[in-house]
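Note sheet for the following structure.
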Amino acid sequence: MVKFLHIFIKPKAEVTEDSVRDQMNLAVDWYKYAENCWIVKTTSEIDTWQIRLKPLVESTGVLLILTLDPTKRQGWIAKGFWEWLQKSIAIPGRVSQLKAAASPVAPAGKTLPKPPVSR
């Protein structure tokens, strides 16, 4: 079954970005939204990701893996992320409930206040 994980990985000094990317490429798909932060679409269990990534961080790096529910979301992030997430959770033949947005996303049925005007 497909699931989404949030992975924060700060590898040990001798590990390259390409080495991290090689492991992330084992996922169905992924989106890197910040220097050490990845959203991973996967069919693998969280323990499998721990095994894959642990050699890249032990003993001086940092690794945090969390399960995500993409149907419960809020945030202010690049439009490209929302488009990727919408595509990633879409079920063929069904319309996704997730809408792409270029601005903050309010929970279903709620409206965000208008941002202040900057001068």
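Its first residue numbered 0, the sequence shown is counted upward by one per residue in numbering that gives the first Met the number 0. In this text, a Cβ means the ideal position worked out from N, Cα and C, and glycines have one as well. None of the values given here were measured: they were computed from a predicted structure.
Whose C-beta lies closer than 8 Å to the C-beta of GLN49 among residues of the same chain, with five residues either side of it excluded? LEU62 and ILE64
Around the Cβ of TRP75, are there at least 16 other Cβ atoms within 10 angstroms (buried) or fewer (exposed)? exposed
Return the residue from the list ILE45, LEU55, LYS71 and GLN73 that minimises the CA-CA distance to VAL1. ILE45
Reduced DSSP category for THR41 - H, G, I as helix; E, B as strand; rest coil: strand
Residue(s) in a DSSP beta bridge with VAL1: The partner list for VAL1 (beta bridge, DSSP) is empty, contrary to what the question assumes.
Taking the Cβ atom as the reference point for each residue, do LEU52 and ILE8 lie within a distance shorter than 7 Å? yes
Proximity winner among ASN24, LYS31, THR70 and THR47, relative to GLY79 (alpha-carbon distances): LYS31
Which of the three DSSP states is assigned to GLY74 in this structure? strand
Helix or strand or just coil, what does DSSP make of LEU63? strand
Under 7 Å Cβ to Cβ from MET23, same chain only, skipping five residues before and after it: list those, please. TRP29, TRP37 and VAL39
Environment of VAL27 [buried if 16+ CB atoms lie within 10 Å]: exposed
What is the residue span of the alpha helix (DSSP H) that ASP17 lies within? 16 to 23
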